[in-house]
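Shown next, in structure tokens, is the structure this report addresses.
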Amino acid sequence: MLGIYATCGSEGGEEFVQEEKTAFTPDTEINTVLATDCGSTTTKAILIEKVEDEYRLIVRGEAPTTVEAPFEDVTMGARNAIREIEELTGRRFLSDTGVITPRQPDGSGADIFMSTSSAGGGLQMMVAGVVKTMTAESAARAALGAGAIVMDVISVDDGRKPHEKIQRIRHLRPDMILLSGGIDGGTITHVVEIAELISAAEPKPRLGIGYKLPVIYAGNKHARKHIEEILGEKTDLRVVDNLRPVLEREVLGPAREAIHNLFMEHVMAQAPGYNKLMTWTPVPIMPTPGAVGNCMQTAAKEYDMSVIGVDIGGATTDVFSVFGDFFNRTVSANLGMSYSICNVLLEAGMANISRWIPFSIDEADLRNRIRNKMIRPTTIPQTLDDLILEQGIAREALRLAFVHHKSLAVGLRGVHKERTIGDTFEQSGSGETYINMADLGMLIGSGGTLSHAPRRAQAAMMLLDAFQPEAETMLAVDSIFMMPQLGILASVHPKAAMQVFDRDCLVKLGTSIAPIGPSGNLQFGEPCVTVTIDYNGETIEESVPYGSMKVVKIPENVTVDAVIHPTRQFDVGKGHGRVVETKVNGGVVGVVIDCRGRPLALPDDPILRSQKLLEWFTAMDMYPADVLKKYADKGI
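Under my numbering, the first residue of the sequence shown is numbered 48, with each subsequent residue one higher.
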């Protein structure tokens with residue numbers, strides 16, 4: 048239930064107090080929803096209404112975000128986006144004071160308005176903990192799950208000298224700091240030492256000159272008195288339950304709730320115009336990544352399956368995963384397709400990018416094309432060569448972001464191990480990732496490179512190559528990136544959010560069937576799997592060899608019976624050589640039988656690799672057949 052709340056900020060030097068809003072309950076009737084997402088460059092508005100017995104997207108509008116000079120008022124961009132909706136629907140939603148709520152008898156207004164935001168750089172945090180691979184890692188998970196960008200992680204054992212840590216805190220100027228450390232009842236010395244470093248740095252917040260920096264303490268409860276003595280006067284200190292009350296348990300909820308509250312009270316209240324935007328809605332404004340994470344968690348619960356989602360942008364790539372009770376989000380801050388594209392080249396290397404290109408290209412030429420994209424971030428590919436190059440780079444950005452995600456999506460470290468604090472500092476082991484690709488039910492892609500790929504098969508192929516899903520996995524893309532608005536709507540009305548998510552947001556590409564293996568030394572062309580599908584009264588049987596792909600055209604929203612029979616070197620979920628009888632979903636691409644092996648096997652020989660790429664591209668119908676034939680005739 049969402050209750051009454053108020054926030055304080057400033058406007059024109061005067062104190063601003065948000066007016067109280069009526070609380071919404073699950074019983075409140077909501078038939079018309081207006082929601083905005085204030086991004087760093089674009090503000091997107093959507094109108095959702097109940098049509099007959101289900102909620103559907105009616106129309107959407109966009110306008111440039113207005114947090115910078117000369118406007119410096121985010122509500123102007125929100126008004127412009129909503130005015131586009133007014134023009135398209137012929138209805139009135141805006142008044143002089145904001146959005147008209149609830150809906151009026153004459154049809155104007157909406158039952159509820161809500162908003163998410165990543166404008167002004169989003170929520171930028173530092174986290175600190177005693178041990179880098181334990182409490183500091185838990186703090187990073189809490190911050191990332193709340194929608195923050197983690198600027199740095201400070202710990203006693205991070206190898207930096209005290210003055211270097213103090214300088215780092217002063218230099219970064221985060222929106223807030225999350226401090227954790229120690230189990231309840233354990234030693235308090237080390238977490239107090241970190242608090243003293245923060246105190247010595249006297250950090251200033253990024254926004255709101257004259258305001259104290261928010262600090263959340265989520266560590267050993269027996270150290271609270273010392274933390275309050277050290278930081279109580281210099282910072283806006285909030286104390287919540289310990290992130291790691293015992294080594295065997297991680298409690299992230301209270302810290303994430305405190306992050307959301309401080310995001311509203313400090314970050315949003317200081318950003319230009321957000322104090323006015325907050326008066327428009329009874330629902331606290333949520334960081335855009337946090338809202339997307341909420342959408343992913345709601346979808347995983349609704350579909351009763353594990354979900355991985357990725358949003359590849361110009362500067363960052365966010366990865367979300369929900370496996371059972373585990374939710375995690377990571378931000379790969381230097382992996383993107385425009386501003387950060389050179390970092391992808393740096394981290395992946397020329398060889399890894401070139402392996403996805405089926406034609407010969409000079410290394411200097413490739414570097415120059417990548418650099419041109421960085422300095423002209425709004426350009427789009429003009430030729431098919433450019434498109435293939437960009438999608439090859441996207442594969443590497445997605446792959447590296449997923450590697451980063453798996454390194455943080457791990458079980459608790461230090462569990463069931465008896466050690467002194469000194470031994471803990473010397474530990475080199477790491478927790479194992481809880482991500483099991485064979486258990487993955489749905490893989491969702493978002494961001495311009497995936498959502499706006501000229502052919503949906505190209506988006507499917509990028510997801511398959513980067514994430515390498517195993518056994519059976521549903522592939523989908525977010526058609527128009529409205530997961531942030533649906534994520535915040537899910538906090539009020541999960542049913543409405545999921546109906547729109549399923550019917551209007553997701554484009555279901557189809558099901559991937561990917562045998563795991565090979566278990567021995569196989570050559571391309573040897574038997575791998577036979578898939579039998581019953582569709583429309585006919586039996587379709589496809590025998591696909593190792594190293595090949597095949598697409599069976601099963602339409603979207605059609606579910607068919609399938610029998611998957613792998614050879615003894617391959618496993619499709621029940622063991623090597625074991626038959627699986629299942630139901631698979633079609634999509635705009637179809638059912639993709641991917642027998643390239645897991646892990647995916649790319650030939651080392653450049654000529655053979657180019658031939659295989661063209662074979663896979665042709666099987667997926669990714670590009671015009673005549674152009675692919677020209678590549679094949681020309682050779683590498």
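Ideal placement from N, C-alpha and C gives every residue a C-beta, glycine not left out. Note that this is a predicted model, so its numbers are computed, not measured.
Alpha carbon to alpha carbon, what distance is there between residue j and residue i?
| i | j | result |
| --- | --- | --- |
| Thr-90 | Gly-622 | 49 Å |
| Ala-398 | Asp-651 | 11 Å |
| Val-369 | Cys-342 | 11 Å |
| Met-669 | Val-238 | 54 Å |
| Asn-583 | Val-457 | 44 Å |
| Gly-86 | Val-626 | 47 Å |
| Ala-186 | Glu-585 | 55 Å |
| Glu-76 | Ile-332 | 21 Å |
| Val-339 | Ala-523 | 15 Å |
| His-313 | Tyr-264 | 17 Å |
| Gln-532 | Ser-162 | 7 Å |
| Leu-431 | Ile-359 | 21 Å |
| Val-631 | Val-607 | 6 Å |
| Leu-459 | Leu-219 | 28 Å |
| Glu-184 | Ala-92 | 36 Å |
| Ser-227 | Gly-371 | 25 Å |
| Ala-672 | Val-539 | 48 Å |
| Ala-82 | Ile-147 | 13 Å |
| Trp-663 | Gly-356 | 24 Å |
| Asn-267 | His-273 | 11 Å |
| Phe-374 | Tyr-350 | 15 Å |
| Leu-661 | Arg-416 | 22 Å |
| Asp-204 | Arg-217 | 20 Å |
| Pro-354 | Val-366 | Residue 354 is actually Val in this sequence, not Pro. C-alpha separation (whole angstroms): 11 Å. |
Look up residue i in the DSSP assignment and say whether it is helix, strand or coil.
| i | result |
| --- | --- |
| Arg-285 | strand |
| Met-223 | strand |
| Glu-479 | coil |
| Ala-380 | coil |
| Tyr-678 | helix |
| Lys-68 | The pLDDT assigned to Lys-68 is 44, lower than 50, so where the model puts this residue is not dependable; a value taken from the coordinates is nonetheless given after this. Lys-68 falls in the coil class under three-state DSSP. |
| Arg-139 | coil |
| Ile-201 | strand |
| Ile-400 | helix |
| Ile-332 | coil |
| Glu-211 | helix |
| Tyr-258 | coil |
| Asn-604 | coil |
| Asn-583 | coil |
| Val-547 | helix |
| Leu-299 | coil |
| Ala-318 | coil |
| His-145 | The sequence as given places Gly at residue 145; His does not occur at that position. Correct three-state label for Gly-145: strand. |
| Ile-129 | helix |
| Pro-487 | In the sequence under discussion, the amino acid at residue 487 is Leu, which differs from the Pro named in the question. Strand at Leu-487. |
| Val-121 | helix |
| Ser-150 | Residue 150 is actually Arg in this sequence, not Ser. Coil, per DSSP. |
| Glu-99 | coil |
| Lys-323 | helix |
| Arg-466 | Residue confidence for Arg-466 is low, a pLDDT of 43 falling below 50, so the modelled location carries little weight and cannot support an answer. |
Would you list the residues sitting across from residue i in a DSSP beta bridge?
| i | result |
| --- | --- |
| Ser-368 | Ile-355, Asn-375 |
| Lys-621 | Per DSSP, none; premise fails for Lys-621. |
| Phe-160 | Leu-81 |
| Glu-662 | Partner(s): none; Glu-662 has no beta bridge. |
| Asp-641 | Met-596 |
| Tyr-264 | Leu-226, Val-286 |
| Tyr-670 | Note: Tyr-670 sits in no beta bridge, so no partner. |
| Glu-115 | Glu-115 is not bridged to any residue. |
| Met-343 | DSSP, once it has assigned bridges, lists no residue as partnering Met-343. |
| Arg-107 | Ile-93 |
Is the region 389-404 close to the region 430-448, with three or more CB pairs under 8 Å? They touch, by the three-pair rule.
Touch test, the region 582-598 against the region 639-658, Cβ-Cβ under 8 Å, three pairs minimum: Verdict: yes, contact present.
How about the region 92-110 and the region 300-309: do they share at least three Cβ pairs that are nearer than 8 Å? Under the three-pair Cβ rule at 8 Å, the region 92-110 does not count as touching the region 300-309.
May I ask you to verify whether the region 485-500 touches the region 513-530, counting CB pairs closer than 8 Å and requiring at least 3? With the cut-off at 8 Å, the region 485-500 and the region 513-530 touch.
The region 443-451 in contact with the region 375-387 per 3-pair CB rule at 8 Å: Yes, the region 443-451 touches the region 375-387.
What are the start and end residues of each continuous alpha helix (DSSP H) run of 4 or more residues lying completely inside the region 226-253, in chain order? Assignment of alpha helix (DSSP H) within the region 226-253, counting only whole runs of 4 or more residues, yields 236-248 in chain order.
Take every Cβ of the region 556-571, pair it with every Cβ of the region 121-137, and state whether three or more of those distances are shorter than 8 Å. In short, these stretches do not touch, since the Cβ pair count stays below three.
contact_flag[the region 114-122, the region 316-329] where n(CB pairs < 8 Å) is 3 or more: Under the three-pair Cβ rule at 8 Å, the region 114-122 counts as touching the region 316-329.
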